[in-house]
Amino acid sequence: MRVRILASGSGGNLSLYEHDGFALLVDAGVDPGGLASRLRQVGADYTRPDALVVTHGHADHCAHARAYAEGAGIPTYMTEATMRVVRPSSARHVFRYSPKEPFRVGPFELRPCAVSHDVPQVALRVQSDDGCAAVIATDLGEVPSELLSLLVGAQLAMLESNHDKHLLEVGPYPRFLKRRVGGPRGHLSNDQCAELLRVLPASVETVVLMHLSEKNNRPDVALDCAADALSDRSATLLAARQYDKQLFELAPRPREGSLLEAPDRARVDAIARAIATPSKRRTTEPNPAQLALKLL
Ligand SMILES: [Zn+2]
Ligand SMILES: [Zn+2]
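In the working numbering, the protein residues as written are 103 to 398.
Rendered as C-alpha cells:
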C-alpha cells in the first residue's frame with residue numbers, strides 16, 4: 103500500500119491510499135482540480151481517486167465532498183452526521199458508514215473510531231488486503247483507548263500534533279477559541295500527542311505529525327516534543343505541512359496479525375484499560391493517558 107499526504111492543516115486536509123490499482127481519498131479539503139494537478143506534480147499515474155471517505159463535517163475536511171460526489175461522480179462515504187453538513191443533493195454516489203462499524207471500500211478495510219471533537223468525528227484505520235495498515239487521527243481533543251487498538255499492527259501512524267500549549271496561550275486567538283482548541287473537544291496538543299507516542303504499538307515504523315497549527319505551533323517544537331517521547335525506539339518521525347508531497351510505501355508483513363510482541367501487547371492492554379476507566383476529571387487533572395502511564 104502507498105500512502106500520500108498531500109494536505110494537512112486548517113487550510114485543508116487530504117490523504118490518499120493506493121493499493122491494487124485503487125486510489126482511496128480520505129477527506130476533501132482540496133477540490134478535484136487541485137487534487138488532479140497535485141497528483142500530476144508528484145508523478146502519479148492517475149488524476150482521479152476511485153472513492154472518498156470523509157471523516158467529519160468541518161470545512162477543512164469536507165468542503166469539496168459534494169464536488170467529488172456530484173461533480174466527479176466519485177463514490178463518497180460519510181457518516182449520517184457529516185451528511186447533514188455536506189447535504190448532498192442526491193443519494194447517487196453517496197454512501198453512509200457507521201462510526202462504530204468496519205466497512206470495505208475497494209481493496210481496503212476501514213475501521214473507524216469515534217473521537218472527541220466539537221462535531222462527530224472519527225479516526226480511521228485503512229488496511230489493504232495484503233495486511234498493510236495506516237491510521238489517521240486528527241481533530242480530536244482527547245485520546246480514547248480505542249485509538250490504541252486501532253494502531254495495533256499499523257505501520258504508519260498519522261497523528262495530530264496541533265498546538266503547543268504555551269504558543270496557544272500567548273498566541274493571537276481570542277479567549278473562546280483558545281478554550282475550544284485546547285479543550286477536550288478541540289485538537290491534540292504536542293504534549294497529548296507525545297503521551298500517545300510513549301505507548302505506541304511496536305508495529306508502527308513511521309509517525310507523521312499532522313494538522314499542525316500555523317499560528318499556535320512550530321514544526322521544530324512539535325518534532326522535539328515527539329522525538330523525546332519516541333527516544334527509546336527507532337521509528338521514523340516526520341511532520342506534515344499544510345501542502346505536502348509525502349509518500350510512504352508500506353510493505354506487507356510476513357504474517358498479518360503478528361503485530362505486537364507479547365510485552366508490548368500487555369502494555370497496550372493495561373493502558374487501554376486505564377484510559378477506559380470512567381472518571382469525572384476536573385480540568386486541572388492530568389488527562390487519562392498521563393494517568394495510565396503512572397499506572398505502568
Ligand atoms: Zn481539521
Ligand atoms: Zn475538525
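Cβ coordinates follow ideal geometry from the N, Cα and C atoms, glycine included.
Run of the beta strand (DSSP E) containing residue i, from where it starts to where it stops
i: residue 180; result: 178-180
i: residue 215; result: 210-217
i: residue 401; result: What the structure shows of the chain is the stretch from 103 to 398, and residue 401 is not part of that stretch, so it cannot be assessed.
i: residue 229; result: 223-230
i: residue 127; result: 124-128
i: residue 108; result: 104-109
i: residue 189; result: From DSSP, residue 189 is part of no beta strand (DSSP E); its letter is neither H nor E.
Beta-carbon proximity of residue i to residue j, cut-off 9 Å
i: residue 216; j: residue 166; result: no
i: residue 158; j: residue 232; result: no
i: residue 119; j: residue 142; result: no
i: residue 341; j: residue 325; result: yes
i: residue 127; j: residue 112; result: no
i: residue 299; j: residue 252; result: no
i: residue 140; j: residue 176; result: no
i: residue 240; j: residue 195; result: no
i: residue 225; j: residue 258; result: no
i: residue 243; j: residue 263; result: no
i: residue 80; j: residue 115; result: The structure shown does not extend to residue 80, since the chain is modelled only from 103 to 398, so the question has no answer here.
i: residue 319; j: residue 275; result: no
i: residue 200; j: residue 214; result: yes
i: residue 106; j: residue 155; result: no
i: residue 268; j: residue 289; result: no
i: residue 237; j: residue 228; result: yes
i: residue 297; j: residue 338; result: no
i: residue 303; j: residue 272; result: no
i: residue 287; j: residue 220; result: yes
i: residue 179; j: residue 212; result: yes
i: residue 210; j: residue 230; result: yes
i: residue 146; j: residue 132; result: no
i: residue 171; j: residue 190; result: yes
Distance cut-off 8 Å: residue i Cβ against heavy atoms of ligand 4
i: residue 192; result: Looking at this structure, you won't find ligand 4 anywhere; what it does contain is ligand 1 and ligand 2.
heavy atom of ligand 1 below 8 Å from residue i C-beta
i: residue 115; result: yes
i: residue 336; result: no
i: residue 263; result: no
i: residue 166; result: no
i: residue 112; result: yes
i: residue 313; result: yes
Range of the contiguous alpha helix (DSSP H) that encloses residue i
i: residue 142; result: 134-143
i: residue 251; result: 247-253
i: residue 162; result: 161-164
i: residue 355; result: Segment: none, residue 355 is in no alpha helix (DSSP H) and carries neither H nor E.
i: residue 329; result: 321-331
i: residue 283; result: 277-284
In DSSP terms, what residue i is bridged to
i: residue 260; result: 238, 310
i: residue 291; result: 265
i: residue 155; result: 128, 179
i: residue 345; result: 109
i: residue 197; result: 179
i: residue 207; result: 210
i: residue 338; result: 308
Min CB distance residue i to chain D below 9 Å
i: residue 291; result: Of the protein chains in this structure there is only one, and it is not chain D.
Give me every residue whose Cβ sits closer than 7 Å to any heavy atom of ligand 2, in chain order.
-> By the rule of a C-beta closer than 7 Å to any heavy atom of ligand 2, the residues picked out are 158, 160, 162, 163, 219, 221, 223, 241.
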